[in-house]
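What follows is a single structure, written as C-alpha cells, with notes after it.
Number of protein chains: 2
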Amino acid sequence: MKRILPGHGSGGRLMNDLIVNTIRSRFGSETLQLDDAAVLEASPGRIAFTTDTFTITPLFFPGGDIGRLAVNGTVNDLAVMGATPIALSCALIIEEGFPMDDLERILDSMAGEAKHAEVRIVTGDTKVVPHGKADGIFINTSGIGTITGDTARREIQPGDRIIISGTIGDHGMAVMATRQNLSFAGNLRSDCAHLNHLIAGVLRSHDGDIRFMRDPTRGGVASVLNEIVAGASISAMLSEEDLPITDEVRGLSDILGIDPLYSANEGKVLMVADPSAAEDIVNLMRTLEHGEQARVIGTIDTEFPGKAYLATAIGGRRILPLLTEEQLPRIC
Amino acid sequence: MKRILPGHGSGGRLMNDLIVNTIRSRFGSETLQLDDAAVLEASPGRIAFTTDTFTITPLFFPGGDIGRLAVNGTVNDLAVMGATPIALSCALIIEEGFPMDDLERILDSMAGEAKHAEVRIVTGDTKVVPHGKADGIFINTSGIGTITGDTARREIQPGDRIIISGTIGDHGMAVMATRQNLSFAGNLRSDCAHLNHLIAGVLRSHDGDIRFMRDPTRGGVASVLNEIVAGASISAMLSEEDLPITDEVRGLSDILGIDPLYSANEGKVLMVADPSAAEDIVNLMRTLEHGEQARVIGTIDTEFPGKAYLATAIGGRRILPLLTEEQLPRIC
Chain A
1 MKRILPGHGS GGRLMNDLIV NTIRSRFGSE TLQLDDAAVL EASPGRIAFT
51 TDTFTITPLF FPGGDIGRLA VNGTVNDLAV MGATPIALSC ALIIEEGFPM
101 DDLERILDSM AGEAKHAEVR IVTGDTKVVP HGKADGIFIN TSGIGTITGD
151 TARREIQPGD RIIISGTIGD HGMAVMATRQ NLSFAGNLRS DCAHLNHLIA
201 GVLRSHDGDI RFMRDPTRGG VASVLNEIVA GASISAMLSE EDLPITDEVR
251 GLSDILGIDP LYSANEGKVL MVADPSAAED IVNLMRTLEH GEQARVIGTI
301 DTEFPGKAYL ATAIGGRRIL PLLTEEQLPR IC
Chain B
1 MKRILPGHGS GGRLMNDLIV NTIRSRFGSE TLQLDDAAVL EASPGRIAFT
51 TDTFTITPLF FPGGDIGRLA VNGTVNDLAV MGATPIALSC ALIIEEGFPM
101 DDLERILDSM AGEAKHAEVR IVTGDTKVVP HGKADGIFIN TSGIGTITGD
151 TARREIQPGD RIIISGTIGD HGMAVMATRQ NLSFAGNLRS DCAHLNHLIA
201 GVLRSHDGDI RFMRDPTRGG VASVLNEIVA GASISAMLSE EDLPITDEVR
251 GLSDILGIDP LYSANEGKVL MVADPSAAED IVNLMRTLEH GEQARVIGTI
301 DTEFPGKAYL ATAIGGRRIL PLLTEEQLPR IC
C-alpha cells in the first residue's frame, strides 16, 4: 500500500508530485498554484474571512468524512455571516505512513463538495509530520466570501422565533456511534452539508427578518442559544415537542447519555427571526435543498434572563446550561 | 504549572475563557470575535489569499518562535505576490498538557509581530487534541491582502539579475543547531522577519523592474531557483563569491553537511530583476529595514537550460539540483 513518506513534506520533488498530481489535479488546474498565494477578483465591498481546523476521529463516518466536513464547515461559517463563499484554502497536516488511498479519498470528497457548493479551493499547504505526531490527518480550511446584503446584527427581541433547518444532533451522534462500533445505529448518518444555497435562498426574500444565524456545530443547539442570551435580559425557550430529532438519534442519545441539543450538527442552520416572518421562512426553507425539515422550535422570551431552557410537553421547564469542559462530547 | 486541558477545545466554558482571556485579549478587542467569520472592508480590485501551517520543532529557537514564524510566513507569502497584507487568521491545534505559559509566550509573539507588520489577526480557531496526537502546538495562519499594483508575472530573461535581501540560510541552520544542542553555534539566529514593508518600498519605485519575487523558505534559495528555471531554456547562475553567508552558518553547514543554499530562510526575499535596475534596487533595499545586506548574487543565463548552478571563485561550475525527499533538512 502506498503511504505518505517524510519526503512528501520536504519541499523537494516528491512533494511537488504530491501537490501537482494528487492535490491540484483534483481541485482544478487553476487552483493550488505553486505560487505563494492565490489572486482573486473581488467585487467592491465587505468580505468575510474565517478559519476552521478539522481533527475528527474517525476520519470516515456514515454520511461524510473529514474532507467533506472541512469544506462544508467553512462554507457554512461564511454563509451564516451573510456572505457568499468564493474561495477556500486547504492546509493539510499528514502523519507519516498515512495511507495514500485514504488521502485521495478525502481529497476527492473535498473536490466534490466544493463543486456542489460552488466554491473554489484556490490555495493550499501540505506538511508531513513524523509518525505519532498527528492523528492521521488534520485539515484546516480558511475561506473568504463577499457580503452584498445587509448583515448588520439586529437586536434579538422577546417574541422572536427560533428556527432550525432540519433534524438536530445527527452529526455528533453518527460520529459517536461509529467510534463506539454501535452496529444497531446503522441508519444514523451525519447531516454534513453546505448551507450557502439554502441561506442565500432565505436571505433573498427575508434579509431584513433575520436577527441572527449560526450553524450549531460543536456544542450543538443548546450552546448557540446560550451564547445569544448570555448576559442579556432575554431567554431562549425551546419547545420539546417541536424538536425534530430522529428515532435513531433519540435512541443513541439515551444509550450514551448525551443530549441531542448538545450534539454537533454539520448541515443545519439556526435562525432567530421576526415572528411575523417565521412561518414564511420555514415554508420557504422546506422547498430548498437541506431545508426540507425546517421548523420553528422555540421563542425568545424573558422568563429566565440570560438562560436557554426547554419547555417540556407536560409543562416542565429545564434549564439548558452552558456546559463546562468534559461535559461536552468531543466530536471534532 | 497551568496546562491545556481537553475542555479548552470542547466548545464550553473553559474554551470561551481561553478565547476571550488568553487569545482575544492579546490580538485586540475587535479581533477574534465569537462570530463565525470576521468582516472586513476591502477596497475594490484583486485580493491575494494564502495559507501556511507551522509544525516546527523546537517551538522556540534563537531569533524567534513558532508564533513569530506563523505571522511572518504568511505576511511574506502575501508580500511576494505584490499584495499588502491586511488580515490574518490564527488556527491552533494544541496537544493536551501543553504548558499554558508557552502558549501565552507564543501568542504574545504573534501579537507583537502582527503589530510590527501592521496586519490584524481577525479570526481564529482552537482545537485541543489528546496527548500524543500532536507535537505540542501546530499553527495555521491564512492571510488576505489587497493588490493595487501590477503583479502580472513577467517573463524572466537572460541577463536578469538575481537579488537576495540579506544573508542566506540563517533560519534553517539556527533551528538545526538548536535541535542538535550545538552550543558553539551561539551566535546563530533565525532571520525570521516580516518583509512586507521592505517589498512595498521596492515596488513603490521599481514595480515594473521586478520579474519575480519569492521568499526562499523550505528548500532554500536553490529550490526557488530550480522552480523558476524548470522546463525553461534559461538557467540560474549564482556567483559563489557574492553569496552573503555568515561565518556561523558556514561553520555549521560544514559540520552538518547541509548546503546553506538549501537551508530555509524566514526573513529574506529573492528577486529576479531587470539588469538595468538591479543596482538601484539593491541600494534602495540597503536603506530599508531587513534589507541592509541586500546583494546581487547571480544572473539568469542560458548555459545549463532548466538548471540552477553555482559558479565558484576558481571558475568551476556546480549544478544545484532539485533535491529529492530526505535530502532536504526537515525544518518546518
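Order-wise, the sequence lines are chains A and B.
Residues in the first sequence are numbered consecutively from 1, following the numbering used here.
Residues in the second sequence are numbered consecutively from 1, following the numbering used here.
Using N, Cα and C, we set each Cβ at its ideal position, and we do this for glycine too.
Quick one: which chain E residues come within Cβ less than 7 angstroms of residue i?
i, result
"A/F49", "Absent from the structure is chain E; the protein chains it does hold are A and B."
Anything in chain A within Cβ reach of residue i, meaning under 7 angstroms, just list it in chain order.
i, result
"B/V129", "T55, D135"
"B/I93", "T53, T55, F138"
Find the nearest neighbour of residue i within the set the options, judged by alpha-carbon distance.
i, options, result
"B/P321", "B/G306, B/L59, B/E104, B/T287", "B/G306"
"A/C90", "A/V119, A/F98, A/G97", "A/V119"
"A/A87", "A/A111, A/I106, A/L310", "A/A111"
"A/E96", "A/E266, A/H290, A/P275, A/S10", "A/S10"
"A/R154", "A/R68, A/D207, A/I163", "A/D207"
"B/A48", "B/S25, B/T57, B/A38, B/V75", "B/V75"
"A/I94", "A/I137, A/G63, A/I106, A/V122", "A/I137"
"A/R13", "B/A273, B/D242, B/G219, B/A264", "B/G219"
"B/T141", "A/T53, A/A177, A/G63, A/A200", "A/T53"
"A/V272", "A/A200, A/R317, A/T287, A/R161", "A/R161"
"B/E303", "B/A278, B/K127, B/V229, B/D259", "B/V229"
"B/K127", "B/D108, B/C192, B/G7", "B/G7"
"B/G291", "B/D191, B/G251, B/S263", "B/D191"
"B/V20", "B/G132, B/S109, B/M213, B/E104", "B/E104"
"A/D242", "A/K133, A/R46, A/A294", "A/A294"
"A/L5", "A/G73, A/G82, A/H131, A/G28", "A/H131"
"A/M335", "A/I319, A/S233, A/R204", "The requested residue 335 of chain A is not part of the displayed model; chain A covers only 1 to 332."
"A/I255", "A/L182, A/T123, A/T50", "A/L182"
"B/E289", "B/S233, B/R250, B/A117, B/V175", "B/A117"
"A/G231", "A/A308, A/F98, A/R211", "A/A308"
"A/N187", "A/N16, A/T246, A/G28", "A/T246"
"A/S109", "A/G315, A/V71, A/L18, A/I319", "A/V71"
"B/R318", "B/M237, B/G28, B/T217, B/V129", "B/M237"
"A/G28", "A/N16, A/R214, A/K115, A/D17", "A/K115"
If you check the beta carbons only, do residue i and residue j fall under 8 angstroms apart?
i, j, result
"B/V80", "B/V202", "no"
"A/T55", "A/D135", "yes"
"A/T194", "A/E113", "Residue 194 of chain A is actually His in this sequence, not Thr. It is a contact, given that the beta carbons lie within the stated cut-off."
"A/D102", "A/L69", "no"
"A/I168", "A/V224", "no"
"A/A37", "B/L78", "yes"
"A/R3", "A/M100", "yes"
"B/A404", "B/E227", "An answer regarding residue 404 of chain B cannot be provided, because it is not within the stretch 1 to 332 covered by chain B."
"A/I66", "A/I121", "no"
"A/L252", "A/A177", "yes"
"A/G143", "A/A264", "no"
"A/L92", "A/I156", "no"
"B/D274", "B/D209", "yes"
"A/A277", "B/A42", "no"
Which whole-angstrom value describes the C-beta separation of residue i and residue j, a residue pair presumed to lie in contact below a C-beta threshold of 8 angstroms?
i, j, result
"A/S165", "A/L198", "6 angstroms"
"A/A159", "A/I300", "It should be pointed out that residue 159 of chain A corresponds to Gly in this sequence rather than to Ala. Indeed they touch by this definition, with Cβ atoms about 7 angstroms apart."
"B/E266", "B/G73", "7 angstroms"
"A/T57", "A/R179", "7 angstroms"
"B/I281", "B/I147", "That pair is no contact at about 20 angstroms."
"B/G82", "B/R189", "With a Cβ gap of about 29 angstroms, B/G82 and B/R189 do not count as contacting."
"B/T50", "A/T50", "In fact, because the Cβ distance is near 15 angstroms, the residues do not count as touching under 8 angstroms."
"B/R46", "A/L40", "7 angstroms"
"B/F61", "B/A174", "6 angstroms"
Taking Cβ-Cβ distances shorter than 8 angstroms, what residues in chain A pair up with residue i?
i, result
"B/A236", "Within chain A, no residue comes near B/A236; the closest Cβ sits about 16 angstroms away, beyond 8 angstroms."
"B/G132", "G132"
"B/R46", "V39, L40, E41, A42"
Using the beta-carbon of each residue, which ones in chain B are nearer than 9 angstroms to residue i?
i, result
"A/A83", "A37, V39"
"A/I147", "V39"
| Any alpha helix (DSSP H) of 4 or more consecutive residues that is wholly inside the segment 191-226 of chain A | 196-206
| field | Complete beta strand (DSSP E) runs within the segment 134-158 of chain A (minimum length 3 residues, chain order) | value | 137-147
| message | As an exercise, report each continuous alpha helix (DSSP H) stretch of at least 4 residues that is fully enclosed by the segment 32-84 of chain B, in chain order. | response | 66-79
| field | Runs of alpha helix (DSSP H) wholly within the segment 258-290 of chain B (minimum 4 residues, chain order) | value | 275-286
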